[in-house]
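Residue numbers (this note's numbering), protein chains in the order written: chain A, 1 to 499; chain B, 1001 to 1489. Even glycine gets a Cβ: it sits at the ideal position worked out from N, Cα and C. Here the structure is a predicted model, which is why all the values come from computation and not from measurement. One structure below.
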């Protein structure tokens, strides 16, 4: 097989409600292997979509672009009923680079190496090859050009057969752009059998390096291969308005969307269970410690306020002056300990943790870090969902315990303030009807709600994000959905067990 | 930054674990605490519950840990844990009993409306001189009733108006709290407490004389302790001068009528060493001429009383409001013989006048008292208010003294018109005595001097001063709104 890509009567269209936007029609093209190709065309023509198809980065929650005909990449068919994915043969450098900003540049490269089964020790060499012999410690300290270099080093870590780059020189001055272009060509040359496709508008930077120019002709809806000297002419640069071709009706489109969303929820839940055994142990431990310690004081204070106020007011508003105070305490103690404080602890925990968790995941999605993980061959669920699940399942019960104990202590204080009952009398009365069984039920409630909140945060955070507003939306949803789940679990289990 | 938060969180977590352990130990290891566990058996636990107090002389000295039916189902066993201070006083001959809920305010108006029901608790009493303490784990038989020589709290409460005085006696004579105080052979009070004077030279006995009899105690009255005394030889028969003293000693006193001045609370007197020789004054002649019940001559005039009303309006969002009102009312006997006071409803019903922004006001702890000119104070409760919204209400007096007389029925007019006759206002002053009669003024107000006062024409009362319907200005509310069964014959 000497072809990298084969297009046979290939068509590509974006699905829209009530119509379609056709990007390519009837493309017949063969792209030879080992070539270094520059991919040009007017903006919005479909270059990024094609790149995502090749990289296997299509959003599973949205209707995928409709493909017709055949597209065969390295012998594998990407169209038709049984599509295969290219897996480790493809690496992509996306816009925004998608560097994992919680790790150092070197750790980014090490992660890619480990994911493709190579030694982490190769990282410094790869970085040096990319022109970064001694990279800074933090990704945030990288300049634009340095970011690109790290992205290149990381992409090369898996020794891909197909290297895809989306605007690698965007935002760089001509000299830096030239340097990056040269780097890419050198890397291409080192590895026999690599095909490199670079989407760019910056033909000048790549002109001395390209073997050919792939042109996406928007008006003609075609894809063709031109010699390296090719340049887009003026009128070709202008995109004609596309007709909305007859596509599927809006109702079908929206139904498809909804079913895809539901399937995605199912997928997240399945992932959460299948991927429970921790792979990234460090992440799991770090997240668990953080989720346990950070909200502990907050929840304890909230529990104390609730327990103390409830007890104080119950005793103060006793209609039978001075009488049956112990009975009041027993009632208050049971409802506070077994029902109210655990539920409210769950609320406060969710409010404190869910927002942060889904914001982090949402931002990683927005900046292509999640795509980068997939490209590296790391399942985002292993890296993000599993630690979240473990952390919440362990932290939520522990933090709830803090809340319940704080509420009891505050109730003891309130009792001594509002009546003459001794501490022993308070303890006897308050916990009279609270048993080990209740403690088990509290544990079950908080564990289950912790798990569900974790799944909700991950699912909402990792959905498609087109803007910062989308990230904010998902944070809001995570808090609301999380609290609704806590409420449902607590109320439901309380009803089932005690009613 | 993160490290600080983690540290605080760690502290909280550790603190919670420690607190949880403390609570569990508090609940479980009560056995290890310094304290004396005891078991007390009762035939009837009377609503005793775990967690309530064990009290000695009114002070909480222990806790009831559990109450359960004993194995054979005959008895209820309470497990107590006495604190060291309580254990000191729990001796082998101590009596334990359950103090049960008391309902007050229904008969005799003793405890008042604020404390209706209390948790049952266990009290114990140790007779003086007991030495050997109970050992931990002892099983004791509890009593079903407080012992006769129990603390004063098992006695009737002192009522408002009772006379409290101290009698000094050379020795106790086995007087106990609850022993009677007797005047002319009639019990007029009881002993509240008996204690050795700090100097050790005498015994101080606190007495309570019930308020309806307090005028019998004057500074010239002599007190003595009634004890069994047997005189005469066994063979020739013996005279027991104080029969009742065969059972328990009591205190008796006597003062000749008309001598001495009435005493105030806190009066101290020394008892005679023995019953003084005196002649009980004979029955006064004029008493014979009166009717059998001994009531003084019926008044021919309107009987006015002073009314004091106190209540609390409970507010959900702010502090409770205290309500205090003063005014007057007309006293008479209805056809069933009840002592009825007619007055303005706005005087004795806070729910009629108070407005809550949230709806009906919540009025609690209502206490209405009626003061007569002779100084007696009686409690009253509201039995009727006018359903059509007129400012009229009727009270019925509780614990009416036997000499109470009301306005004669021919002085009260129910219905009919009054025209062309000058009207007069008659009301009672702060001390219960009637204020000078005022002519009816056009600019009548609802001050204390007027509210509830009666309006009379030609010496006959036909209305009461209250609010105009739906307004806050003064108006005459005619007596004809009073229902027939509350009117006199």
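When 8 Å is used as the limit between beta carbons, residue 431 (chain A) is near these residues of chain B: 1023, 1027, in chain order. The DSSP-derived three-state label of residue 88 (chain A) is helix.
Chain B places a beta carbon closer than 8 Å to that of residue 292 (chain A), counting this residue as a contact. Straight-line measurement puts the Cα of residue 1267 (chain B) at about 13 Å from the Cα of residue 1222 (chain B). Using a Cβ-Cβ cut-off of 8 Å, residue 1057 (chain B) does not count as an interface residue toward chain A, since no Cβ of chain A sits closer than that to its own.
With respect to chain A, the C-beta atom of residue 1467 (chain B) has no partner C-beta closer than 8 Å. The C-beta of residue 1097 (chain B) has 16 or more other C-beta atoms within 10 Å across all chains shown, which makes the residue buried. Taking the beta carbon of residue 423 (chain A) as reference, the chain B residues within 8 Å of it are 1026, listed in sequence order.
By the Cβ-count criterion, residue 423 (chain A) is exposed, with fewer than 16 other Cβ atoms from all chains shown falling within 10 Å of its own Cβ.
Residue ranges of uninterrupted alpha helix (DSSP H) with 4 or more members, entirely inside the stretch 1038-1113 of chain B and ordered along the chain, are 1084-1089. Apart from sequence neighbours up to five positions away, the residues of its chain that approach residue 25 (chain A) with a beta-carbon distance below 6 Å are 11, 221, ordered along the chain. At least one C-beta of chain B is nearer than 8 Å to the C-beta of residue 300 (chain A).
Secondary structure note for residue 356 (chain A): its alpha helix (DSSP H) is the uninterrupted segment 341-366. In this structure, residue 1051 (chain B) lies away from residue 307 (chain A), with their beta-carbon atoms at least 8 Å apart.
Identification of chain B residues near residue 408 (chain A) by a Cβ-Cβ cut-off of 7 Å yields 1023, ordered along the chain. Under a criterion of Cβ atoms nearer than 9 Å, the residues of chain B adjacent to residue 420 (chain A) are, in order, 1053, 1060. When C-alpha distances from residue 1425 (chain B) are compared across B:1431, B:1226, B:1440, the shortest belongs to B:1440. Straight through space, the alpha carbons of residue 1175 (chain B) and residue 1053 (chain B) are spaced by roughly 29 Å. DSSP places residue 1322 (chain B) inside the beta strand (DSSP E), whose first and last residues are 1321-1333. The C-alpha of residue 151 (chain A) is placed about 12 Å away from the C-alpha of residue 169 (chain A). At the C-beta level, residue 225 (chain A) and residue 7 (chain A) stay beyond 8 Å of one another.
Under the Cβ criterion of 8 Å, residue 1006 (chain B) is counted among the residues facing chain A. Here DSSP, grouped into helix, strand and coil, assigns residue 1377 (chain B) to strand. Of all residues in the stretch 280-291 of chain A, the ones placed with a Cβ closer than 9 Å to any Cβ belonging to chain B are 289, 290, in chain order.
Apart from the 5 residues on each side of it in sequence, residue 113 (chain A) sits with its Cβ closer than 7 Å to the Cβ of 119, 120, 122, 123, 157 in its chain, given in chain order.
Using a Cβ-Cβ cut-off of 8 Å, residue 1038 (chain B) does not count as an interface residue toward chain A, since no Cβ of chain A sits closer than that to its own. By the Cβ rule, the stretch 320-339 of chain A counts as touching the stretch 429-447 of chain A, because three or more pairs are nearer than 8 Å. Closest by C-alpha distance to residue 1181 (chain B), out of B:1193, B:1136, B:1192, B:1251, is B:1251.
Judged by DSSP secondary structure, residue 318 (chain A) falls outside any beta strand (DSSP E); it is assigned neither H nor E. Closest by C-alpha distance to residue 1407 (chain B), out of B:1069, B:1210, B:1188, B:1338, is B:1338. Taking a beta-carbon distance threshold of 8 Å, residue 296 (chain A) counts as an interface residue toward chain B. When the alpha-carbon of residue 1185 (chain B) is set against those of B:1322, B:1308, B:1226, the nearest one is in B:1226. In the DSSP assignment, residue 15 (chain A) falls within the beta strand (DSSP E) that extends over 3-16. Within chain A, 428 have C-beta atoms less than 8 Å from the C-beta of residue 1065 (chain B), given in sequence order. A check of alpha carbon separations from residue 1284 (chain B) across B:1224, B:1258, B:1450, B:1009 identifies B:1258 as the nearest. Contact of residue 398 (chain A) with chain B by beta-carbon distance below 7 Å involves 1013.
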